[in-house]
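Read the structure below first, then the notes.
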Amino acid sequence: MMYFFGFFRIVLILVLTFAASYANEKTHPTIGVIRWDAWNLFDGQYDPISFYSHRCLSPEKFHYRLPFFATVLSPTNTSYNGDLQSVMDQEILYAKHAGLDYWAFDTYCTYGSNCTTNSTYCVEYLQIAPHYCPRNPAYGLHQYLSSQYNSLIKFTLLLLGSSPCDIAFQESYLELMVHPQFQTVLGGRPLLYLFQFTDAEANLCGGGWSGSRQVFDKFRQMAINRGEL
Numbered sequence: 058m059m060y061f062f063g064f065f066r067i068v069l070i071l072v073l074t075f076a077a078s079y080a081n082e083k084t085h086p087t088i089g090v091i092r093w094d095a096w097n098l099f100d101g102q103y104d105p106i107s108f109y110s111h112r113c114l115s116p117e118k119f120h121y122r123l124p125f126f127a128t129v130l131s132p133t134n135t136s137y138n139g140d141l142q143s144v145m146d147q148e149i150l151y152a153k154h155a156g157l158d159y160w161a162f163d164t165y166c167t168y169g170s171n172c173t174t175n176s177t178y179c180v181e182y183l184q185i186a187p188h189y190c191p192r193n194p195a196y197g198l199h200q201y202l203s204s205q206y207n208s209l210i211k212f213t214l215l216l217l218g219s220s221p222c223d224i225a226f227q228e229s230y231l232e233l234m235v236h237p238q239f240q241t242v243l244g245g246r247p248l249l250y251l252f253q254f255t256d257a258e259a260n261l262c263g264g265g266w267s268g269s270r271q272v273f274d275k276f277r278q279m280a281i282n283r284g285e286l
């Protein structure tokens with residue numbers, strides 16, 4: 058799991074979106090970074106996904122990969138919590154200085170205690186990844202949206218599995234897509250990413266690939282009707 062973690066307290070996967078962007082009258086590719094936010098505490102304990110990042114980075118040989126807000130407690134233990142406004146504000150300033158144009162926030166399900174959920178999709182995902190039932194996986198997005206510096210970098214979403222097939226998830230995505238800082242391409246169309254959508258997710262979404270296409274077409278039409286496309 059170590060390849061899931063890196064610079065910016067998250068795994069950084071460089072994504073080049075060759076949608077023309079203009080700065081200083083020169084065309085350059087728009088540069089985005091996908092975030093897996095796994096550096097937070099919940100009720101004083103590491104959130105389930107953050108638990109694994111903490112375990113992986115606690116050995117001394119991996120301390121050089123710790124985020125700037127981490128504290129080394131001993132050669133075998135560290136401490137950090139990225140769910141702070143001050144941390145997000147500094148991340149944004151670092152991202153701006155590095156020349157990044159946008160972040161793509163991952164969209165893990167939110168679970169209750171003992172991995173409880175009322176979402177059919179989230180129940181299905183838990184069968185795929187039984188230990189990934191975070192209580193507050195969207196802390197990074199929430200801190201970004203409340204930051205006084207969020208105008209310095211745009212954002213989008215990395216949709217996980219069949220989540221965009223769920224009407225509740227669709228509504229939450231559509232609400233975010235109208236945010237003035239949401240990343241767009243091709244003359245104002247909102248940019249989205251889809252991750253881990255295989256035969257299993259297609260069957261859950263629409264009974265197969267053909268049915269899933271219809272679901273996504275309907276989702277697209279919902280965005281058009283709201284003036285987002």
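Heads up: the sequence shown is residues 58 to 286, going by the working numbering. We treat Cβ as the ideally placed atom computed from N, Cα and C, and that holds for glycine.
Per-residue burial, residue i [other beta carbons within 10 Å of its own, 16 or more giving buried]
| i | result |
| --- | --- |
| residue 41 | This structure gives no information on residue 41, because the portion of the chain shown stretches from 58 to 286. |
| residue 49 | Past the edges of the chain, shown from 58 to 286, lies residue 49, and the structure says nothing about it. |
| residue 226 | buried |
| residue 110 | buried |
| residue 275 | exposed |
| residue 191 | buried |
| residue 278 | exposed |
| residue 121 | exposed |
| residue 173 | exposed |
| residue 68 | Because the pLDDT of residue 68 is 36, which lies under 50, any placement of that residue in the model is unreliable, and the question is left without a value. |
| residue 135 | buried |
| residue 282 | exposed |
Minimum C-alpha distance to residue i - residue among the options
| i | options | result |
| --- | --- | --- |
| residue 219 | 244, 92 and 262 | 262 |
| residue 189 | 84, 283, 94 and 85 | 94 |
| residue 271 | 221, 112 and 248 | 221 |
| residue 138 | 147, 149 and 126 | 126 |
| residue 108 | 193, 277 and 149 | 193 |
| residue 156 | 281, 180, 87 and 123 | 87 |
| residue 257 | 206, 185, 164 and 273 | 185 |
| residue 145 | 206, 182 and 278 | 206 |
| residue 124 | 112, 142 and 148 | 148 |
| residue 140 | 279, 84, 90 and 100 | 100 |
| residue 244 | 264, 284 and 273 | 284 |
| residue 181 | 84, 259, 282 and 280 | 259 |
C-beta contact flag for residue i and residue j at 8 Å
| i | j | result |
| --- | --- | --- |
| residue 216 | residue 251 | yes |
| residue 246 | residue 162 | no |
| residue 97 | residue 201 | no |
| residue 203 | residue 142 | yes |
| residue 176 | residue 223 | yes |
| residue 159 | residue 89 | yes |
| residue 241 | residue 249 | no |
- Task: State whether the stretch 103–116 contacts the stretch 208–223, with contact taken as three or more CB pairs (one from each stretch) at a distance under 8 Å.
- Result: They do not touch, by the three-pair rule.
- Task: Taking 8 Å as the threshold, find out whether the stretch 117–133 comes into contact with the stretch 219–233 through three or more Cβ pairs.
- Result: At 8 Å Cβ cutoff, the stretches do not touch.
- Task: Taking only runs that begin and end inside the stretch 203–232, name each unbroken beta strand (DSSP E) of 3 or more residues, in chain order.
- Result: Complete beta strand (DSSP E) runs here, min 3: 211–217.
- Which ranges would you report for the alpha helix (DSSP H) in the stretch 166–210 if only whole runs of at least 4 residues count? Listed in chain order, they are 177–185 and 196–202.
- Any alpha helix (DSSP H) of 4 or more consecutive residues that is wholly inside the stretch 91–178: You should have 105–114 and 142–155.
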